[in-house]
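So the protein sequences, as listed, match chains A and B. Residue numbers for the first sequence follow this note's numbering, so the first one is 1 and each next one is one higher. Residue numbers for the second sequence follow this note's numbering, so the first one is 1001 and each next one is one higher.
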Amino acid sequence: MKRGIHFISLILVVAAYIVVKSPAAIVAIKPFWFDLYALGDLYRYSFLAEYKDTTQICLPPPASGKSSNLNLYIIGDSFAGPFEKANFPNAKNYSFANWNHISQSTIRVHTDTNAFNILILQCSEKHMIMRLEKNTYKSFLFRVDHKTAKNPFQGFEYSTKAETPLESVTKYIGRQAVTDQNMGILLFSNPAVLKIKEAKAELNQSVFGKIAEEVEEYPTKKMLVQRMTTDLNFRYMSSFCPHPDTELDSLIKNLEKMNHYYRKAGFDTVLLAIVPNPISVINPKYKGRTYNQLLPRIERQVSGLGVISVFDTFGVGKEKYFRKGDSHWNKTGASVWQHAVNSKLNSFVDTRSSRNRNL
Amino acid sequence: MGLQEHPFPLSPFICSMLFNSAEYIFLFLPLCILLYYYLKSNTGKIIGLILLSIYFYMVAYPAYILVLFGLIVVDFLAAQIIHKCKGLQRKFWLILALSLNVLLLAGFKYYNFFSQNLGFMGIALPKHAWILPVGLSFHTFQSMSYLIEVYRKSFPVEKNILQYSLYVLFFPQMVAGPIERPQNLIHQFYSLPTFDTENLKQGFFLFARGLFMKVAVADRLTLLVDPVFASSEKASSWQCLTAIVFFSIQIYADFSGYSNMALGSARMLGINLMVNFKQPYLAESLSEFWRKWHISLSTWFRDYLYFPLGGNRSGTGKTIFNILIIFCMSGLWHGAGWNYILWGLLHGIGLSMETVSNRLKFPRIPSWIRLIRTQLWVVFCWVFFRAYNLDSAFGIFKSLFYNGNSAINLEFSSSEILYGFTISFMILISERFQIQEFIFRKFGWAFTLSILVFSYFLGNFNSSTFIYFQF
Chain A
1 MKRGIHFISL
11 ILVVAAYIVV
21 KSPAAIVAIK
31 PFWFDLYALG
41 DLYRYSFLAE
51 YKDTTQICLP
61 PPASGKSSNL
71 NLYIIGDSFA
81 GPFEKANFPN
91 AKNYSFANWN
101 HISQSTIRVH
111 TDTNAFNILI
121 LQCSEKHMIM
131 RLEKNTYKSF
141 LFRVDHKTAK
151 NPFQGFEYST
161 KAETPLESVT
171 KYIGRQAVTD
181 QNMGILLFSN
191 PAVLKIKEAK
201 AELNQSVFGK
211 IAEEVEEYPT
221 KKMLVQRMTT
231 DLNFRYMSSF
241 CPHPDTELDS
251 LIKNLEKMNH
261 YYRKAGFDTV
271 LLAIVPNPIS
281 VINPKYKGRT
291 YNQLLPRIER
301 QVSGLGVISV
311 FDTFGVGKEK
321 YFRKGDSHWN
331 KTGASVWQHA
341 VNSKLNSFVD
351 TRSSRNRNL
Chain B
1001 MGLQEHPFPL
1011 SPFICSMLFN
1021 SAEYIFLFLP
1031 LCILLYYYLK
1041 SNTGKIIGLI
1051 LLSIYFYMVA
1061 YPAYILVLFG
1071 LIVVDFLAAQ
1081 IIHKCKGLQR
1091 KFWLILALSL
1101 NVLLLAGFKY
1111 YNFFSQNLGF
1121 MGIALPKHAW
1131 ILPVGLSFHT
1141 FQSMSYLIEV
1151 YRKSFPVEKN
1161 ILQYSLYVLF
1171 FPQMVAGPIE
1181 RPQNLIHQFY
1191 SLPTFDTENL
1201 KQGFFLFARG
1211 LFMKVAVADR
1221 LTLLVDPVFA
1231 SSEKASSWQC
1241 LTAIVFFSIQ
1251 IYADFSGYSN
1261 MALGSARMLG
1271 INLMVNFKQP
1281 YLAESLSEFW
1291 RKWHISLSTW
1301 FRDYLYFPLG
1311 GNRSGTGKTI
1321 FNILIIFCMS
1331 GLWHGAGWNY
1341 ILWGLLHGIG
1351 LSMETVSNRL
1361 KFPRIPSWIR
1371 LIRTQLWVVF
1381 CWVFFRAYNL
1391 DSAFGIFKSL
1401 FYNGNSAINL
1411 EFSSSEILYG
1421 FTISFMILIS
1431 ERFQIQEFIF
1441 RKFGWAFTLS
1451 ILVFSYFLGN
1461 FNSSTFIYFQ
1471 F
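Here it is in C-alpha cells:
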C-alpha cells in the first residue's frame, strides 16, 4: 500500500516534470489553465492588487456592405496580434505575422495579382529602433512570391529551421525550455497563489517602498508604466532618451528600404503604424524629462509609406486609452486604432472602386 | 500553417539549476527523494543518483557533461595505475594525472588571463571564447583530492566506477562544493540508507535555513551592493561604506546559504556532507577565520599544498613564504584576475603578520579588539574580491574617502538599509547563540515551515545565480 502511494507520487512528479519541460505540452494545456497575462502584463510583474485588470476585446465595427478586393497583411506585435478579420470589414482576406516569428523563421507569402495587397508595418514605439537598426531590419524582409493565386488565400506561411541534436537537447533539458515560466503557469498562477503574491507585493510596497523593478507607479496612482519606457538607461526603449538626427535619418532610410523591398515584391502599398508608448502621450514631461519625439519625428519625415497615426488622438485623451495594469491599450485605445486602419482601408476601396468605374 | 507559439517570452539566459529555483524545490528535489527511496538496491540508488546528477549538470550547458565524463574516466584510470605502481612510477603517474586536471582547469579558466598578461609583455597569443563549465574548479579539486589520497595510501583505490562517478557527480555538492574528501563521501555510497523521517526533517531544516540566507539576506543585500560596485563614482562615502559592509554579509549569506542547501539536500537522502562554515565572522584572528570560512577549500590547500611545502615547521621566513604562496593560489583559484590574487595576497600578508606576532610573543590584546581587528581586515580585503578589477577596487576606496555626502545618482532606500543592518545583526547573534538550532529542537517542522514563509515574504527571487558558481 505504502509502496503503491510512493509509486503514484513518483509518476505524478515525473508527469509534471515532462509537462513543465515540454513547450508543446504547456501550449496544449494553456486554454484550460488560469491565464495570468489576462490580468495585465504589468500587474504580472508587480502583483499590486489595485492594478489587476482584465483583457478587453475590441469589438469589430459593423460590416461596411461594400465589396472589396483588398488583401490585408499586418506585421505587428502584441498590439495588433489580437485583431481578427472581422475587425477589418473592408479587407477580403487578412493575415497577421509577429515580428519575432519573422526574424526567427523563414516566412513567405503569395500575393495575389488580382487583388490589392496592403501591408501594414505595426510597431510599438519602444521597439521601433531595435527593429529598424542597420543590423536588424534586414531580418524582417521575408520572401514574397507575387503571382495570381489560384488557391484560396493562404496568408503568411512559416517554416522553421530544423534543429540540430544539440539544440534539441538544450531546448528540452536546459533552462532555455523556459522551465521557470512554465512552472509559473502551472503552480503559481492560480487565484489562491496570487493572493499570497499580492500580500507580499503590498508588504514590500508599504514597508520598503519597493515595487517590481520592471514597473513604476504613475504619480496619480491611476496606472503602472513600464520602466523601460521611462528610464534614461534604456537607450532604445525609453521615451526620454534623446536620439540624434543622424540616427533617426538612418532609421527612416531603413524603413524606406523595407518599403521599397515590399513594393517591388508585389505589395501595392505599405503603411506604417507606430503605437506610442503610454508615457509618451500621457506625460511627455514625466519627472522633468523631455519626450524625445521619436514617433512624431518618424511619422513626419518618412516618405513613400502611408502613415496610420493615433498619436494626436491619444494625446488628447491621455490615460483613457490605456489599461491600468498593462503596457497595452484598452478597448477604447484599440478601437481608435481600428478606426484609423479601417478609414485608411476605406480610402483604398473608394479609390479602387472609382478607378474601376472610370475604366 | 502557423508556428507553434509559446505563450510566454523565452529567456535566452542559460544558467545552472539553482537550489533556490522553483524547478529544484518543487520538481527536481522531490523527484530525487521519491526515486531514491523507491529504489531498493544500493546499485539502483547509485545509478539513479548518477542519472539525476547528470541531468542537474546538463541544465547548465549540456555539452560540458562530456568534459566531466572525461575527467571522471581519466582520474579513475589514473588512480588504478597509481595504486598498482611502486616508487617513482607512482609519483610519475600522480604528477601526470594532476597535471591533466590542472591543464583542464587552466585551459578553461586561466588561459585568457595569461594570454592577456603575456600580451602586455609583447607576446601575442590568441584568446578563446569558451564558457567556463559550471563548478569546474570544484570538481577538479575534488578529483585531485582523490588522486592524492590514493597516492598517499590513506584511501583505498575505488574499484567501482559507479561509486567513483557519484563521488564527482553527486548533485548537491557538484557545482559549488563543499569540496569533499573521498574518506568522507565514498564509504557512504556503499550502504545508502533507507527512508528515515529524521534525515528528512534535519535536511529540510538545513535547506530552509540556506534558502533564507540566500533569498532573504544575500539577494536583498545585493540591491544595495551592486549599484555601488557598478558605478562607485556616483556613490557617496556613506553608500560605499554601507556597500562594503553589506557585501561581507552578502557573500557569507550567499555561500553559506548555498552550502546549507547542499548539506540539506544530501541529508534528505541520508548522506552527510562536510560543514563548510563555522561562524567565520566571530573569528578573533585570520587563522581562525580561515578555519571557519570555506573549510573544505582551506583544508584542501592546507593538506595538499601547505603541508607538502613544509608548513610552519621550517622557520619564520619559510613559513611566511608558504603562507603567501598558498593564499596567492587561493586567490587565483577564486578567479583569473589580479584583484583576486591581491585579495589572496592581502590575506596572506595579514596571516604572516599574525604568525610573526605569535612567534615574537607580543602581549595579548582583549578578544573584542582582536575580533574587530580581524573583521576589519577581512572586510577591507573583500573589496578586492567583489570589484570587477583592480581599477574598480581602487575606485571604491577613492569614492569612500573623497566623495563625502554627495551621492550623485544612486538612490538608497533607508528602510532597505535598516533591513540590511537588522538582518545582519540577527544572523550574527543567532549563530553565536545557536538560536535557530534551539528553536528547531523545540518546534521541529513548524519552525522549518515558518522559515520558508519568511523566506518567501522577505526574499528577493529576481536575483542572479550564486556568487561561487562563477568559480
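Just so it is clear, CB atoms sit at the ideal spot from N, CA and C, and this is done for glycine as well. Small disclaimer: the values here were computed from a predicted structure and weren't measured.
task = Take glutamine 1080 of chain B as the anchor and find which of B:Arg1181, B:Val1150, B:Ile1179 and B:Leu1223 has the nearest alpha-carbon.
result = Locating residue 1080 of chain B in the second sequence gives position 80, counting from the first residue. Out of B:Arg1181, B:Val1150, B:Ile1179 and B:Leu1223, the CA that lies nearest to the CA of glutamine 1080 of chain B is found in B:Val1150.
ask   = Excluding the five sequence neighbours on either side, which residues of its own chain have a C-beta within less than 6 Å of the C-beta of lysine 268 of chain A, listed in chain order?
value = The count along the first sequence starts at 1 and reaches residue 268 of chain A at position 268. Rather than lysine, the amino acid found at residue 268 of chain A in this sequence is aspartate. The residues are Phe116 and Asn117.
task = List the DSSP bridge partners of tyrosine 73 of chain A.
result = Your numbering for residue 73 of chain A matches position 73 in the first sequence. DSSP output for tyrosine 73 of chain A lists A:Ser95 and A:Leu119 as bridge partner(s).
request  = Classify valine 316 of chain A as buried or exposed, calling it buried when 16 or more other Cβ atoms lie within 10 Å of its own Cβ.
outcome  = On the first sequence, residue 316 of chain A is found 316 positions in, with the first residue counted as 1. Flag for valine 316 of chain A reads exposed.
request  = Compute the beta-carbon to beta-carbon distance between leucine 132 of chain A and leucine 255 of chain A, rounded to the nearest angstrom, for a pair I have assumed lies under 8 Å.
outcome  = Locating residue 132 of chain A in the first sequence gives position 132, counting from the first residue. Locating residue 255 of chain A in the first sequence gives position 255, counting from the first residue. The C-beta distance from leucine 132 of chain A to leucine 255 of chain A rounds to 6 Å, short enough to fall under 8 Å.
task = Using DSSP bridges, identify the partner residues of glycine 306 of chain A.
result = For the purposes of this step, residue 306 of chain A is taken as the residue at position 306 of the first sequence. As computed with DSSP, glycine 306 of chain A is found in a beta bridge with A:Leu271.
task = For isoleucine 1161 of chain B, I'd like the list of residues in its chain whose CB is within less than 6 Å of its CB, leaving aside the five on either flank, ordered along the chain.
result = Here residue 1161 of chain B is taken as the residue at index 161 of the second sequence, counted from 1. For isoleucine 1161 of chain B, the CB contacts under 6 Å within the same chain, skipping 5 residues up- and downstream, are Phe1076 in chain order.
message = So with CB distances below 7 Å, who are the chain A contacts of proline 1030 of chain B?
response = By one-based count along the second sequence, residue 1030 of chain B stands at place 30. Per Cβ cutoff of 7 Å: Val13.
request  = Tell me whether the beta-carbon of alanine 1266 of chain B lies closer than 8 Å to the beta-carbon of proline 1172 of chain B.
outcome  = Against the second sequence, residue 1266 of chain B aligns to sequence position 266. Against the second sequence, residue 1172 of chain B aligns to sequence position 172. Yes, the Cβ-Cβ distance between alanine 1266 of chain B and proline 1172 of chain B is below 8 Å.
request  = Select from A:Arg143, A:Val193 and A:Lys320 the residue whose C-alpha is nearest the C-alpha of arginine 263 of chain A.
outcome  = On the first sequence, residue 263 of chain A is found 263 positions in, with the first residue counted as 1. For the residues A:Arg143, A:Val193 and A:Lys320, the minimum Cα distance to arginine 263 of chain A belongs to A:Arg143.
Any C-beta of chain A under 8 Å from that of serine 1413 of chain B = Walking along the second sequence from the start, residue 1413 of chain B turns up at place 413. The C-beta of serine 1413 of chain B comes closer than 8 Å to at least one C-beta of chain A.
request  = Counting only the same chain and skipping the five closest in sequence on each side, list residues whose C-beta sits under 6 Å from that of serine 1298 of chain B.
outcome  = Residue mapping note: residue 1298 of chain B aligns to position 298 of the second sequence, counting from 1. The residues Trp1290, in chain order, have a CB closer than 6 Å to that of serine 1298 of chain B in the same chain once the five nearest residues on each side in sequence are set aside.
ask   = Rounded to whole angstroms, how far is the Cβ of valine 1074 of chain B from the Cβ of leucine 1100 of chain B, which I believe are closer than 8 Å?
value = Residue numbering aside, residue 1074 of chain B sits at position 74 when the second sequence is read from its first letter. Residue numbering aside, residue 1100 of chain B sits at position 100 when the second sequence is read from its first letter. Contact holds; Cβ gap of about 6 Å.
query = Distance, Cα to Cα, cysteine 1027 of chain B vs leucine 1018 of chain B?
reply = The residue labelled residue 1027 of chain B in the question sits at position 27 within the second sequence. The residue labelled residue 1018 of chain B in the question sits at position 18 within the second sequence. Correcting the residue type first, residue 1027 of chain B is leucine in the shown sequence and not cysteine. The alpha-carbon atoms of leucine 1027 of chain B and leucine 1018 of chain B are separated by roughly 12 Å.
query = Since valine 27 of chain A and methionine 183 of chain A are thought to touch, with beta carbons under 8 Å apart, how far apart are those beta carbons, to the nearest angstrom?
reply = Along the first sequence, one-based indexing puts residue 27 of chain A at 27. Along the first sequence, one-based indexing puts residue 183 of chain A at 183. So it is not a contact: roughly 15 Å between Cβ atoms.
query = In whole angstroms, what separates the C-alpha of proline 278 of chain A from that of alanine 1253 of chain B?
reply = The residue given as residue 278 of chain A occupies position 278 in the first sequence. The residue given as residue 1253 of chain B occupies position 253 in the second sequence. Straight-line Cα distance between these residues: approximately 41 Å.
query = Exposed or buried, phenylalanine 1013 of chain B, counting other C-beta atoms within 10 Å across all chains shown (16 or more means buried)?
reply = The sequence position of residue 1013 of chain B within the second sequence is 13, counting from 1. Model confidence at phenylalanine 1013 of chain B stands at a pLDDT of 37, short of 50, so the residue's coordinates are unreliable; what they give is reported in the following sentence. Per the 10 Å Cβ criterion, exposed.
task = Would you check if the region 1322–1330 of chain B and the region 1347–1357 of chain B touch, i.e. whether three or more CB-CB distances between them fall below 8 Å?
result = Taking a cut-off of 8 Å on C-beta distances, the region 1347–1357 of chain B touches the region 1322–1330 of chain B, as three or more cross pairs fall below it.
message = Can you tell me whether tyrosine 1388 of chain B is helix, strand or coil according to DSSP?
response = Locating residue 1388 of chain B in the second sequence gives position 388, where the first residue counts as 1. Of the three classes helix, strand and coil, the one that applies to tyrosine 1388 of chain B here is coil, per DSSP.
query = Between the region 7–41 of chain A and chain B, which residues of the former have a C-beta closer than 8 Å to a C-beta of the latter?
reply = Close to chain B, meaning a Cβ-Cβ distance shorter than 8 Å, are the following residues of the region 7–41 of chain A: Phe7, Ser9, Leu10, Val13, Val14, Ala16, Tyr17, Val20, Pro23, Ala24, Ile26, Val27, Lys30 and Tyr37.
Close-in-space but distant-in-sequence residues of the same chain around lysine 318 of chain A (CB under 7 Å, 5 per side omitted) = Along the first sequence, read from residue 1 onward, the residue named residue 318 of chain A stands at position 318. Cβ within range, chain order: Val281 and Ile282.
ask   = Within 8 Å (strictly less), CB to CB, does aspartate 180 of chain A reach chain B?
value = Counting from 1 along the first sequence, the entry for residue 180 of chain A is found at position 180. By this cut-off, aspartate 180 of chain A is an interface position.
key: For methionine 1001 of chain B, three-class secondary structure by DSSP   = By one-based count along the second sequence, residue 1001 of chain B stands at place 1. Its pLDDT being 31, under 50, methionine 1001 of chain B is placed unreliably by the model, and the measurement read from it follows with that caveat. Three-state result, methionine 1001 of chain B: coil.
request  = Mind reading off the beta-carbon distance from isoleucine 1295 of chain B to asparagine 1272 of chain B? Whole number of angstroms is fine, and I expect it under 8 Å.
outcome  = If you number the second sequence from 1, residue 1295 of chain B lands on position 295. If you number the second sequence from 1, residue 1272 of chain B lands on position 272. The C-beta distance from isoleucine 1295 of chain B to asparagine 1272 of chain B rounds to 14 Å, too long to fall under 8 Å, and the pair is not in contact.
query = Would DSSP call serine 1414 of chain B helix, strand or coil?
reply = Indexing the second sequence from 1 puts residue 1414 of chain B at position 414. Note: serine 1414 of chain B maps to helix in three-state DSSP.
inquiry  = Less than 8 Å between CB atoms is the rule here; does alanine 1208 of chain B satisfy it with respect to chain A?
reply    = To locate residue 1208 of chain B, count along the second sequence from 1; it is residue 208. With 8 Å as the cut-off, alanine 1208 of chain B does not count as an interface residue toward chain A.
query = Based on the DSSP secondary-structure assignment, which residues constitute the bridge partners of tyrosine 158 of chain A?
reply = Numbered from its first residue, the first sequence carries residue 158 of chain A at position 158. Tyrosine 158 of chain A is bridged to A:Ile107.
ask   = Alpha carbon to alpha carbon, what distance is there between alanine 1078 of chain B and glutamine 1089 of chain B?
value = As a working mapping, residue 1089 of chain B is identified with position 89 in the second sequence. As a working mapping, residue 1078 of chain B is identified with position 78 in the second sequence. Glutamine 1089 of chain B and alanine 1078 of chain B have their C-alpha atoms spaced approximately 12 Å apart.
query = For tyrosine 43 of chain A versus lysine 52 of chain A, is the C-beta distance shorter than 8 Å?
reply = Your numbering for residue 43 of chain A matches position 43 in the first sequence. Your numbering for residue 52 of chain A matches position 52 in the first sequence. In contact: tyrosine 43 of chain A and lysine 52 of chain A (Cβ atoms closer than 8 Å).
ask   = glycine 333 of chain A CB to nearest chain B CB: under 8 Å?
value = Here the question's residue 333 of chain A lines up with position 333 in the first sequence. With 8 Å as the cut-off, glycine 333 of chain A does not count as an interface residue toward chain B.
ask   = When DSSP labels each residue in this structure, what does tryptophan 329 of chain A get in the three-state scheme?
value = Within the first sequence, the letter at position 329 stands for residue 329 of chain A. Here tryptophan 329 of chain A sits in strand by DSSP.
Local Cβ density within 10 Å of asparagine 1339 of chain B, reported as buried at 16 or more and exposed below that = The residue labelled residue 1339 of chain B in the question sits at position 339 within the second sequence. Asparagine 1339 of chain B is buried by the Cβ-count criterion.
ask   = Taking just the CA atoms, how far does leucine 224 of chain A sit from valine 215 of chain A?
value = By 1-based counting over the first sequence, the position of residue 215 of chain A is 215. By 1-based counting over the first sequence, the position of residue 224 of chain A is 224. Going from the Cα of valine 215 of chain A to the Cα of leucine 224 of chain A covers about 6 Å.
ask   = What does histidine 1023 of chain B reach in chain A if we use C-beta pairs closer than 8 Å?
value = Taking the first residue of the second sequence as position 1, residue 1023 of chain B is located at position 23. Residue identity check: residue 1023 of chain B is glutamate in the sequence provided, not histidine. Listed along the chain, the chain A residues whose CB falls inside 8 Å of the CB of glutamate 1023 of chain B are Val20, Thr179, Asp180 and Met183.
key: C-beta neighbour in chain A for phenylalanine 1384 of chain B, strict 8 Å   = Here residue 1384 of chain B refers to the residue found at position 384 of the second sequence. So, not an interface residue.
task = Output, in chain order, the set of chain B residues within a Cβ distance shorter than 7 Å of leucine 203 of chain A.
result = Residue numbering aside, residue 203 of chain A sits at position 203 when the first sequence is read from its first letter. Those are Phe1457, listed as they occur along chain B.
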